[in-house]
Amino acid sequence: ACPPTTPNPQSQGNSTTKRKRAVEEIKITLVSNQVFDPARNDNHLQVFKALMDDYIKTKGVSYSSGLVKEQITNDNGMFAILYTVMGYDCDGVTNFVREGKASTNFITAAKVKCEDRPEITV
Numbered sequence: 001a002c003p004p005t006t007p008n009p010q011s012q013g014n015s016t017t018k019r020k021r022a023v024e025e026i027k028i029t030l031v032s033n034q035v036f037d038p039a040r041n042d043n044h045l046q047v048f049k050a051l052m053d054d055y056i057k058t059k060g061v062s063y064s065s066g067l068v069k070e071q072i073t074n075d076n077g078m079f080a081i082l083y084t085v086m087g088y089d090c091d092g093v094t095n096f097v098r099e100g101k102a103s104t105n106f107i108t109a110a111k112v113k114c115e116d117r118p119e120i121t122v
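So this is what it looks like as structure tokens:
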């Protein structure tokens, strides 16, 4: 394939030189069917973790918990978790989230935001 005739404005230097690829940060928001309630959020978090662990096992996925951060958030009055993951492929994560959301009624909405792309709802 021929190289593009117009340079990518975000690239610097010669793109054919070998250099370490930047690690992409991906933000995933999973919104539950539970009302955001500070008194119950720890319980909701445990349910999320159990669902995620089971789903990850069924998919045969291994991940480093050090590359995944989780934060409880209030998404329009509903309990949600914002996951920030590092070092994963955006398309792969998006498909994983889409399939995961489809596998449970507990998650009513899922959003994925990769660094150089607009946020999408899956």
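Using UniProt numbering, read the sequence shown as starting at 1 and increasing by one per residue. Glycine residues also receive a C-beta, built at the ideal position from the N, C-alpha and C atoms.
Length of the line joining the Cα atoms of residue i and residue j
{"i": "Ile81", "j": "Gly66", "result": "17 angstroms"}
{"i": "Thr121", "j": "Lys27", "result": "12 angstroms"}
{"i": "Asp89", "j": "Asp37", "result": "33 angstroms"}
{"i": "Val85", "j": "Asn33", "result": "23 angstroms"}
{"i": "Thr73", "j": "Ala39", "result": "14 angstroms"}
{"i": "Tyr63", "j": "Gly77", "result": "30 angstroms"}
{"i": "Thr58", "j": "Arg98", "result": "15 angstroms"}
{"i": "His44", "j": "Val31", "result": "11 angstroms"}
{"i": "Thr119", "j": "Lys113", "result": "Going by the sequence as given, residue 119 is Glu instead of Thr. For Glu119 and Lys113, the distance between alpha carbons rounds to 4 angstroms."}
{"i": "Asn41", "j": "Thr94", "result": "25 angstroms"}
{"i": "Ala102", "j": "Asp53", "result": "16 angstroms"}
Exposed unless 16 or more other CB atoms sit within 10 angstroms - verdict on residue i
{"i": "Val35", "result": "exposed"}
{"i": "Ala110", "result": "buried"}
{"i": "Thr29", "result": "buried"}
{"i": "Ala23", "result": "The sequence shown places Val at residue 23, not Ala. By the 10 Å Cβ count, Val23 comes out exposed."}
{"i": "Val61", "result": "exposed"}
{"i": "Gly92", "result": "exposed"}
{"i": "Gly87", "result": "exposed"}
Where residue i falls: helix, strand or coil (DSSP)
{"i": "Asn43", "result": "helix"}
{"i": "Ser15", "result": "Below a pLDDT of 50, predicted positions are generally treated as unreliable, and Ser15, at 45, falls in that range; the measurement from the model is reported next regardless. Here Ser15 sits in coil by DSSP."}
{"i": "Thr58", "result": "helix"}
{"i": "Ser32", "result": "strand"}
{"i": "Ile122", "result": "The identity of residue 122 in the sequence shown is Val, whereas the question assumes Ile. Coil, per DSSP."}
{"i": "Thr94", "result": "helix"}
{"i": "Glu99", "result": "helix"}
{"i": "Asp37", "result": "coil"}
{"i": "Asp53", "result": "helix"}
In DSSP terms, what residue i is bridged to
{"i": "Asn74", "result": "Phe79"}
{"i": "Thr84", "result": "Lys27 and Lys69"}
{"i": "Ala110", "result": "Leu30"}
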